[in-house]
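Residue numbers (this note's numbering): 886 to 965. Yeah, the Cβ is synthetic: ideal placement off N, Cα and C, and Gly gets one too. Note that this is a predicted model, so its numbers are computed, not measured. To start, the structure under review is shown below, and the notes come after it.
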Amino acid sequence: DKILQPMPGEGSRGTATVTNDGATILKSVWIDNPAAKILVDISKTQDSECGDGTTSVVVLAAELLRNAQQLVEQRMHPQV
């Protein structure tokens, strides 16, 4: 289980949450990175469509992004 604590500026409305659900964790985290936002959207979609497997779909998509980054760094053309 993971303990999510509120940010210091959230005051009395922020409460600590104990969860093992990947979707709950991703919904609670503030994210600025566009690729990370896509992972959160994938998790939300998986949760709304199936109700389970959110962590698995995020891990799979993150690996695809990691491999895509390596190809971009090798200057691989997208249509190859």
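What first and last residue would you give for the beta strand (DSSP E) that runs through residue i?
i	result
residue 902	902-904
Quick one: grab the DSSP three-state call for residue i.
i	result
residue 916	coil
residue 964	coil
Please return the same chain residues whose Cβ sits closer than 7 angstroms to the Cβ of residue i, not counting the five positions on each side in sequence.
i	result
residue 950	920
Since residue i is in the alpha helix (DSSP H), which residue starts that stretch and which ends it?
i	result
residue 955	939-958
Can you grab the Cα-Cα spacing for the pair residue i / residue j, in whole Å?
i	j	result
residue 926	residue 952	20 angstroms
residue 955	residue 900	40 angstroms
residue 936	residue 959	38 angstroms
Excluding the 5 residues flanking residue i on each side, which residues of the same chain have their C-beta closer than 6 angstroms to its C-beta?
i	result
residue 911	925 and 928
Opposite residue i in the DSSP bridges: which residues?
i	result
residue 888	903
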